[in-house]
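Residue numbers (our numbering), protein chains in the order written: chain Z, 1 to 218; chain E, 1001 to 1218; chain X, 2001 to 2218; chain U, 3001 to 3218.
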């Protein structure tokens, strides 16, 4: 058993716990949608259609958390050591992820009411922006000077990743600012960001990953 | 460590996350059943008996999600690589699975009311049909031209699997259509489908599985 | 890689999913306890004390599910193969386990009301008895003629396990019957059973376990 | 496969189950925060600001459970065997952890009401103190005379750990007592404790850990 194997296991434990939180947060989204009450001759179908903001919020947040999970997981493939600051940043980051069901329910409840729409979308996009802040901090801390990242990783890849996250963060902050001008545009940008971050990552990622793993188990 | 080991690990990560979502969605079903209020001389037993639609919905959905989990898991034993489209299709598929507690609660609340029964059963069977659509798409994408499936898998097995899922999908769509004619027949078909899909899969599955694993670890 | 390795992995997948359901069901128990409302000069402390049936229900169910988890886990250490009937029995068994939060909330709500106490305790103990029925069926199916159990396991151990579960099942049925005569005695028996089943199992278990694992990995 | 490997697996199973309970308890915290109702010209923003006790409770409990998880996980790296008493103490310990969402909701609901504040903070800090009692008991039982701890662990490290937990326990009891004098000071101490326990552990931990793992897999 090599040194790096021991270190890898340190981050493995953080990953397993984080994956649990992601899976639960994403599945809890559904319990925020209450079954509508249709009495007498009211149409249940109409009542269900009126719940569209809840379905929209569910779909966007599911996509966002799914994307954040994929990115978190990919990042931890490059991070091969852990320390107490990483642990702390990760707990605060998870605190933001697990919080997402609340602004999602807020969005679903108030998106149809003109006077409250800006507040609801701003809280929603603001939560995602703060989540992005901690994700970026976590990455900058781990990747800076190869502090916790495997030394075999290509420096060009590290820089590409950093660029990716800083740009992502700026766009989430833009979504927050947009919420005050056009809530619809803000939500559109958030959906776009979730879809873009599902796209393939910069070149070199897979290679580096495979290299590192080989050194761990080989 | 071989090439295919690295690829296998790619799908392993998707499987673990998916399993978490399945386990949580299936267990969350219970919180949709509220404790009845029996006041004074009312019989608590009668109140509990009147909740039978909730128990029925719980049992059907538990069986359905359990079956879907088993099929998902079996399929990922044949899928040995992953890419971003698979990841995306899987997230949308999980979005459908995690949604199931909502139409289950709807079914439980309205199955006894004649004027709303058709809507409730249609939404329930419709959700399952959409879930089946994405499961089938996921499989067709992975298995087409051996895109992400292990090349050692018997082509006859692949075709048998595809047939199985397409037929399953058509039957779920039939259940959706039936909901408008006879809600009871629709639910009956759904229960039947859950029981049938628990049955053994076409021949060759185990062999192929064993072959692939041997190539991964051996 | 040996034959039995592949089989072991079959049950490993069932175990992981079951463990997820156990962990979620046990943790969901808390959300059935609502925060009390104390207005004006009412004592919040008194209100909290009046919630004692909720704490009692929480503690008993937590202990029961914890014990059932430990027994389930220990049994799957002896079961080295799986088939579709085992899978089905396990899903029905998990359906019972995931149901436990509902009769727990029922118990907490009605144990203080004399006219409803018998019903609440009977439903609670009845749920546990049905859970024990499926656990015993699962074991009898797997262990009968060494159907799915490792052949290296001592037959005396198998018989001791079967005796243990059949006696346990009879005692849970007794708890159900007792509910109609003395709800307190019924609950007392349930607590006793949870504590007894945490006790060490019959001799030979560890030895057999170690033997099997060696044959799997060695 | 060595003896200690089999023992290690015994605790691995406890760890996986415990990690599931931690991840679910920490993520369930959010569902205790209900979306506020803003009608007509009321400011949704003001309503959200008034919910600050809920956010505070969420943040403190998330930090506390996160810290407890990290400590539990680190401890089980030194514990290499399990027995029924450890299993029982761990179930009771998890019962306390999974209970935390309830006093958290209580804290959020009553911290602003002067007449109920002491009760709410006392119940909250009391729950954490009881949790610390069982964590310390679990450790004392496992570490006493190297009962369940790897014999390769440095005795100085064991003593440092014991000191750490006993001091932590006394400080949680102090937080409980403080609740009656100054609820704010009590909460301040709890936040401080969560932050302190995230800090690096006494020297020697990593070394011992690495030693043990080598003996298990090597």
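Note that beta-carbon positions come from the ideal geometry of N, C-alpha and C, so glycine has one too.
Inset, instruction - With 7 Å as the threshold, decide whether the Cβ of residue 2038 of chain X is near any Cβ in chain U. - result: Reading the third chain from its first residue, position 38 is the one you call residue 2038 of chain X. Chain U contact via Cβ: present.
Legend entry - 7 Å Cβ cut-off: residues of chain B touching residue 2027 of chain X: Although the question refers to chain B, the structure presented lacks it and instead comprises the protein chains Z, E, X and U.
Legend entry - Chain-order list of residues whose beta-carbon lies under 8 Å from that of residue 3119 of chain U (same chain, five-residue window excluded): In the fourth chain, the residue the question calls residue 3119 of chain U occupies position 119. Excluding positions up to five away in sequence, the list reads 3110.
Legend entry - C-alpha distance - residue 3034 of chain U paired with residue 1156 of chain E, whole-angstrom precision: Counted from its first residue, the fourth chain places residue 3034 of chain U at position 34. Counted from its first residue, the second chain places residue 1156 of chain E at position 156. If you take the alpha carbons of residue 3034 of chain U and residue 1156 of chain E, they lie about 53 Å apart.
Legend entry - Partner residues on chain E for residue 69 of chain Z, Cβ-Cβ distance less than 7 Å: Within the first chain, residue 69 of chain Z is the residue found at index 69, counting from 1. Chain-order list of chain E residues neighbouring residue 69 of chain Z: 1017, by C-beta distance under 7 Å.
Legend entry - Contact set between the segment 3104-3129 of chain U and chain X, restricted to residues whose Cβ is under 8 Å from the partner: Of all residues in the segment 3104-3129 of chain U, the ones placed with a Cβ closer than 8 Å to any Cβ belonging to chain X are 3105, 3106, 3109, 3110, 3115, 3116, 3119, 3120 and 3123, in chain order.
Inset, instruction - Look at the alpha carbon of residue 1089 of chain E and the alpha carbon of residue 1138 of chain E, and state the distance between them as a whole number of angstroms. - result: The count along the second chain starts at 1 and reaches residue 1089 of chain E at position 89. The count along the second chain starts at 1 and reaches residue 1138 of chain E at position 138. Rounded to the nearest angstrom, the two C-alpha atoms are 6 Å apart.
Inset, instruction - Taking only beta carbons into account, state which residues of the segment 1071-1098 of chain E come closer than 8 Å to chain X, listed in chain order. - result: When C-beta distances to chain X are compared with 8 Å, the residues of the segment 1071-1098 of chain E below that value are 1073, in chain order.
Inset, instruction - Give a yes or no on contact between the segment 1015-1023 of chain E and the segment 2018-2035 of chain X, applying the rule of three or more CB pairs nearer than 8 Å. - result: Per the Cβ contact rule, the segment 1015-1023 of chain E is in contact with the segment 2018-2035 of chain X (3 or more Cβ pairs under 8 Å).
Inset, instruction - Please report the residue range of the alpha helix (DSSP H) in which residue 82 of chain Z lies. - result: On the first chain, position 82 is the one that residue 82 of chain Z refers to. No alpha helix (DSSP H) contains residue 82 of chain Z, which DSSP labels as neither H nor E.
Inset, instruction - With DSSP as the reference, label residue 149 of chain Z as helix, strand or coil. - result: Position 149 of the first chain holds residue 149 of chain Z. In the structure shown, residue 149 of chain Z sits in a strand (DSSP, three-state: E or B).
Legend entry - Helix, strand or coil at residue 2034 of chain X according to DSSP, with G and I counted as helix: What you label residue 2034 of chain X is simply residue 34 of the third chain in a count that begins at 1. When secondary structure is reduced to three states using DSSP, residue 2034 of chain X falls in the coil class, being assigned neither helix nor strand.
Inset, instruction - Flag this pair as touching only if the segment 161-178 of chain Z and the segment 3077-3093 of chain U have three or more C-beta atom pairs under 8 Å; answer yes or no. - result: As far as the Cβ criterion goes, the segment 161-178 of chain Z does not touch the segment 3077-3093 of chain U, which means the pair count is below three.
Inset, instruction - Determine, using beta carbons only, whether residue 2193 of chain X comes closer than 7 Å to chain U. - result: Counted from its first residue, the third chain places residue 2193 of chain X at position 193. No - not a single Cβ of chain U is within 7 Å of the one on residue 2193 of chain X.
Legend entry - Pairwise C-alpha distance: residue 3172 of chain U and residue 3128 of chain U: Taking the fourth chain and counting its residues from 1, one reaches residue 3128 of chain U at position 128. Taking the fourth chain and counting its residues from 1, one reaches residue 3172 of chain U at position 172. Distance between the alpha carbons of residue 3128 of chain U and residue 3172 of chain U is about 7 Å.
Inset, instruction - Give the C-beta separation of residue 1097 of chain E and residue 1131 of chain E to the nearest angstrom, bearing in mind that I take them to be a contact with Cβ-Cβ under 8 Å. - result: Working through the second chain from its first residue, we reach residue 1097 of chain E at position 97. Working through the second chain from its first residue, we reach residue 1131 of chain E at position 131. Yes, residue 1097 of chain E and residue 1131 of chain E are in contact; Cβ-Cβ is about 6 Å, under 8 Å.
Inset, instruction - Below 8 Å CB to CB, which residues in the same chain sit around residue 174 of chain Z once its five sequence neighbours on both sides are set aside? - result: As a working mapping, residue 174 of chain Z is identified with position 174 in the first chain. Apart from the 5 residues on each side of it in sequence, residue 174 of chain Z sits with its Cβ closer than 8 Å to the Cβ of 189 in its chain, given in chain order.
Legend entry - Beta-carbon proximity list for residue 1191 of chain E, same chain, < 8 Å, skipping 5 on both sides: On the second chain, residue 1191 of chain E is found 191 positions in, with the first residue counted as 1. Cβ within range, chain order: 1060 and 1063.
Inset, instruction - Just tell me which of E:1182, E:1167, E:1180 and E:1116 has its CA closest to the CA of residue 47 of chain Z. - result: In the first chain, the residue the question calls residue 47 of chain Z occupies position 47. Ranking the options by Cα distance to residue 47 of chain Z, first place goes to E:1116.
Legend entry - Integer Cβ distance of residue 2031 of chain X from residue 1030 of chain E, believed to fall under 8 Å: Position 31 of the third chain, counting from 1, holds the residue named residue 2031 of chain X. Position 30 of the second chain, counting from 1, holds the residue named residue 1030 of chain E. Not confirmed; about 10 Å, so no contact.
Legend entry - Buried or exposed by the 16-neighbour rule on C-beta atoms within 10 Å, applied to residue 145 of chain Z: Stepping through the first chain from its first residue, residue 145 of chain Z is reached at position 145. Within 10 angstroms of the beta-carbon of residue 145 of chain Z lie fewer than 16 other beta-carbons, which makes it exposed.
Inset, instruction - State yes or no: is the beta carbon of residue 102 of chain Z nearer than 7 Å to at least one beta carbon in chain U? - result: On the first chain, position 102 is the one that residue 102 of chain Z refers to. Yes, residue 102 of chain Z counts as interfacial toward chain U.
Legend entry - First and last residue of the uninterrupted alpha helix (DSSP H) at residue 114 of chain Z: Position 114 of the first chain, counted from the start, is the residue given in the question as residue 114 of chain Z. Note, residue 114 of chain Z: alpha helix (DSSP H), 114-143.
Inset, instruction - Please check if any C-beta of chain E sits within less than 7 Å of the C-beta of residue 2007 of chain X. - result: Here the question's residue 2007 of chain X lines up with position 7 in the third chain. Interpretation of residue 2007 of chain X is limited by its pLDDT of 36, a score under 50 that renders its predicted location unreliable; no figure is taken from the coordinates.
Legend entry - Selected residue, minimal CA-CA separation from residue 3057 of chain U, among U:3027, U:3072, U:3107 and U:3149: Position 57 of the fourth chain holds residue 3057 of chain U. Taking each of U:3027, U:3072, U:3107 and U:3149 in turn and checking the Cα distance to residue 3057 of chain U, the smallest one comes out for U:3107.
Inset, instruction - Note down, in chain order, each residue of its chain lying with its Cβ closer than 7 Å to the Cβ of residue 2179 of chain X, except the 5 sequence neighbours on either side. - result: Here residue 2179 of chain X refers to the residue found at position 179 of the third chain. Same-chain partners within the cutoff: 2118, 2121, 2122, 2125 and 2186.
Inset, instruction - Verify the CB distance criterion: does residue 3168 of chain U have a CB-CB separation below 7 Å to chain Z? - result: Counted from its first residue, the fourth chain places residue 3168 of chain U at position 168. So, not an interface residue.
Legend entry - Close beta carbons around residue 112 of chain Z, own chain, < 8 Å, minus the five adjacent residues each side: Here residue 112 of chain Z refers to the residue found at position 112 when the first chain is read from its first residue. Only 53 meet the Cβ criterion.
Inset, instruction - Please state if the CB of residue 3136 of chain U and the CB of residue 3086 of chain U are separated by a distance shorter than 7 Å. - result: Sequence index remark: in the fourth chain, residue 3086 of chain U carries index 86 (1-based). Sequence index remark: in the fourth chain, residue 3136 of chain U carries index 136 (1-based). Not a contact, by the Cβ cut-off of 7 Å.
Legend entry - Counted within 10 angstroms of its Cβ, other Cβ atoms place residue 2012 of chain X as buried (16 or more) or exposed: Here residue 2012 of chain X is taken as the residue at index 12 of the third chain, counted from 1. When all chains shown are included, residue 2012 of chain X counts as exposed.
Inset, instruction - Could you tell me whether the Cβ of residue 2035 of chain X comes closer than 7 Å to any Cβ of chain U? - result: By 1-based counting over the third chain, the position of residue 2035 of chain X is 35. At least one chain U Cβ lies under 7 Å of residue 2035 of chain X.
Inset, instruction - Taking 7 Å as the cut-off, decide whether the C-beta atoms of residue 2134 of chain X and residue 2092 of chain X are in contact. - result: Translated into the one-based positions of the third chain, residue 2134 of chain X becomes position 134. Translated into the one-based positions of the third chain, residue 2092 of chain X becomes position 92. Yes, Cβ-Cβ distance for residue 2134 of chain X and residue 2092 of chain X is below 7 Å.
Legend entry - Nearest-angstrom Cα separation, counted from residue 1074 of chain E out to residue 1025 of chain E: Here residue 1025 of chain E refers to the residue found at position 25 of the second chain. Here residue 1074 of chain E refers to the residue found at position 74 of the second chain. Approximately 19 Å between the Cα atoms of the pair.
Legend entry - Cβ-Cβ separation, residue 1150 of chain E to residue 1044 of chain E (assumed contact under 8 Å), whole Å: Translated into the one-based positions of the second chain, residue 1044 of chain E becomes position 44. Translated into the one-based positions of the second chain, residue 1150 of chain E becomes position 150. The Cβ separation is near 56 Å, so there is no contact.
Legend entry - Pairwise C-alpha distance: residue 1036 of chain E and residue 2193 of chain X: Counting from one through the third chain, the residue named residue 2193 of chain X turns up at place 193. Counting from one through the second chain, the residue named residue 1036 of chain E turns up at place 36. Roughly 28 Å between the two C-alpha positions.
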